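Protein chains in written order, with this note's numbering: chain A, 253 to 502; chain V, 253 to 502.
There are 2 protein chains.
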Amino acid sequence: MTRVTPKIQAAGHDCTACPIRHRAVCARCEADELQVLEQIKYYRSFEAGQTVVWAGDTMDFVASVVTGIATLSQTMEDGRRQMVGLLLPSDFAGRPGRATSAYDVTAATDLVMCCFRRKPFESLMLSTPHIGQRLLEMTLDELDAAREWMLLLGRKTAREKIASLLCIIARRDASLQLSQTHGELRFDLPLTREAMSEYLGLTLETVSRQMSSLRREGLILTEGKRHIIIPDFDRLLEETGDDSDGGFLV
Amino acid sequence: MTRVTPKIQAAGHDCTACPIRHRAVCARCEADELQVLEQIKYYRSFEAGQTVVWAGDTMDFVASVVTGIATLSQTMEDGRRQMVGLLLPSDFAGRPGRATSAYDVTAATDLVMCCFRRKPFESLMLSTPHIGQRLLEMTLDELDAAREWMLLLGRKTAREKIASLLCIIARRDASLQLSQTHGELRFDLPLTREAMSEYLGLTLETVSRQMSSLRREGLILTEGKRHIIIPDFDRLLEETGDDSDGGFLV
DNA sequence: AAAACTCTTTGATGTAGATCAACCAGCATG
DNA sequence: CATGCTGGTTGATCTACATCAAAGAGTTTT
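Laid out in structure tokens, this is it:
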């Protein structure tokens with residue numbers, strides 16, 4: 253389990269060079285506002301599989317994902333688990349005004365977060381409207397995504413669920429690389445079959461079977477277990493059950 | 253279909269007498285800020301079953317639910333529907349900065365909304381931080397509720413889903429009446445079996461069967477089709493699958 | 001007071017996905 | 001190079017819920 257510690261931790265204190273500068277909670281901040289943020293921020297790294305916080309534990313910071321992927325999940329007493337959020341670079345974790353985490357937060361891949369102690373961040377929100385405004389916008393986006401996910405969980409078939417997840421990840425990956433979402437797409441699946449099943453409200457066996465079925469039909473190709481190639485994105489899109497046009501807001 | 257038009261429409265321009273004054277987006281506003289809001293607000297009434305807006309249609313206002321219940325739902329091309337939100341008095345509908353509704357908004361019961369034209373509301377948000385702050389708080393609450401719902405949709409059994417829904421409605425009803433959530437509770441179900449099924453990701457037959465089963469076991473009693481009596485709230489709570497203590501944030 | 005609605009309940013049957021159980025591939029470890 | 005470990009695949013069987021179908025209860029309409 254030897255993993256390279258992401259470089260940014262050692263380096264970057266300079267917000268202007270930050271890769272998520274224009275999309276994170278600080279996106280609207282002016283130079284002087286950024287300087288205040290730089291005073292209270294610190295980076296934390298996690299290895300794939302590590303837990304950032306457990307549901308119910310105190311969480312005295314809020315944070316932006318800088319690189320990697322984190323998941324939010326809930327667990328029932330008897331162990332049933334449901335993932336309720338997938339945090340990608342620039343997404344925000346934690347809730348101003350709340351001391352304990354409502355969810356298990358876990359590093360799905362190696363992860364770097366830009367953290368702010370909660371109290372200073374909260375007072376900053378009062379004095380710096382740009383932060384609150386941006387956070388509102390991001391929270392509204394999250395709410396839309398959560399509601400889209402409710403449709404998936406409540407009404408889609410296993411096959412549609414898998415296709416939807418693959419399309420979402422492919423799309424977000426493409427948007428990070430600034431490539432087009434047409435024709436062939438390739439990316440690494442950042443989730444295990446088990447994590448996928450927790451996100452989709454399925455068992456991992458069903459996930460595996462549906463992946464195999466999509467592979468058999470040529471809708472996806474795989475290299476190793478995790479590298480996915482989508483030869484024709486639009487064709488996979490048709491399997492999601494969504495409107496051909498609009499669909500997910502991502 | 254003769255229904256009494258809610259009185260507030262004729263009467264109330266006075267925010268200070270508003271029943272949702274202390275819980276809605278305007279909760280944190282000072283007297284002078286309320287005066288500005290009063291300038292741009294207007295009431296709209298809808299009868300049970302009426303559509304407020306269709307998904308995709310332009311929605312040039314945002315609004316607070318004053319009395320009654322509204323639902324948000326999504327529809328797939330082939331007609332499968334999933335409810336993604338239940339708006340109770342004081343809840344907020346619409347999204348500042350977005351011109352079209354992402355969901356079908358429907359009056360589940362007779363409904364009165366306090367509306368603000370979107371543009372003036374947006375500029376008010378910039379000049380009146382109290383509104384944006386409150387909206388952020390409400391949106392974060394909605395997001396928590398949506399995530400709780402994802403757990404229900406993804407992992408709960410039909411029986412647990414029904415018990416959860418009844419508990420949530422009973423709880424919110426009790427909080428409006430300022431009564432305790434222990435021992436016997438009674439309330440009117442504001443949803444048809446079909447609406448319940450759309451919310452829970454079930455068919456209406458399954459909803460009906462599970463309601464009958466809870467009734468047979470004495471967990472609920474019914475008077476007519478819609479009036480529900482919960483003789484022992486804590487006993488019903490045990491059927492939800494949630495932690496006995498915390499559970500829903502509502 | 002019969003007809004037509006809407007909402008609900010109940011029964012018979014079918015099926016998607018869960019559950020239980022092997023087994024395989026890739027890797028790290030003694 | 002056997003050993004165990006983690007993550008993934010595939011098969012056989014079971015079951016919770018969907019689907020199809022009919023009928024009851026409470027309305028409004030004629």
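Here a beta-carbon is modelled for each residue, glycine too, at the ideal position from N, C-alpha and C. On a predicted model such as this, the values are computed, not experimentally measured, just so you know.
Beta-carbon proximity of residue i to residue j, cut-off 8 Å
| i | j | result |
| --- | --- | --- |
| VAL368(A) | PHE313(A) | Here residue 368(A) turns out to be Phe, not Val, going by the sequence shown. Yes. |
| ALA276(V) | SER342(V) | yes |
| GLY406(V) | LEU405(A) | yes |
| MET311(V) | GLY349(V) | no |
| THR361(V) | GLY320(V) | yes |
| ALA351(A) | PHE298(A) | no |
| ASP486(A) | HIS434(A) | yes |
| GLN462(V) | ILE414(V) | yes |
| PRO271(A) | VAL318(A) | yes |
| LEU339(A) | ALA322(A) | yes |
| GLU491(V) | ARG424(V) | no |
| ILE383(A) | CYS267(A) | no |
| LEU452(A) | LEU417(A) | yes |
| GLU285(A) | THR380(A) | yes |
| HIS274(V) | GLU290(V) | no |
| VAL364(V) | TYR295(V) | yes |
| THR455(A) | SER464(A) | no |
| LEU395(V) | LEU395(A) | yes |
| ARG445(A) | SER460(A) | yes |
| CYS366(A) | ALA300(A) | no |
| ASP356(V) | THR303(V) | yes |
| THR458(A) | ARG467(A) | no |
Simplified DSSP assignment, three categories, for residue i
| i | result |
| --- | --- |
| ILE421(A) | helix |
| HIS274(V) | coil |
| GLU469(V) | coil |
| ILE383(A) | helix |
| ALA351(A) | coil |
| ILE321(V) | coil |
| LEU339(A) | strand |
| PHE500(V) | Low confidence applies here, because PHE500(V) scores a pLDDT of 44, under 50, leaving its location unreliable; read the following figure in that light. It is coil, neither helix nor strand. |
| THR268(V) | helix |
| PHE373(A) | helix |
| LYS408(V) | coil |
| ASP495(A) | coil |
Where the alpha helix (DSSP H) through residue i begins and ends
| i | result |
| --- | --- |
| ALA279(V) | Looking at the DSSP string, ALA279(V) is not in any alpha helix (DSSP H), and its letter there is neither H nor E. |
| ASP486(A) | 485 to 489 |
Beta strand (DSSP E) segment containing residue i, residue limits
| i | result |
| --- | --- |
| ASP356(V) | 356 to 359 |
| THR303(A) | 303 to 305 |
Residues that DSSP places opposite residue i in a beta bridge
| i | result |
| --- | --- |
| LYS293(V) | PHE368(V) |
| GLN334(V) | GLN326(V) |
| HIS479(V) | ASP440(V) and GLU475(V) |
| LEU363(A) | PHE298(A) |
| THR310(V) | THR352(V) |
| ALA397(A) | Looking at the DSSP assignment, ALA397(A) forms no beta bridge with any residue, so it has no partner. |
| SER316(A) | PHE344(A) and CYS366(A) |
Uninterrupted beta strand (DSSP E) stretches inside the region 424 to 457 of chain A (no shorter than 3 residues): Qualifying beta strand (DSSP E) stretches, in chain order: 437 to 440.
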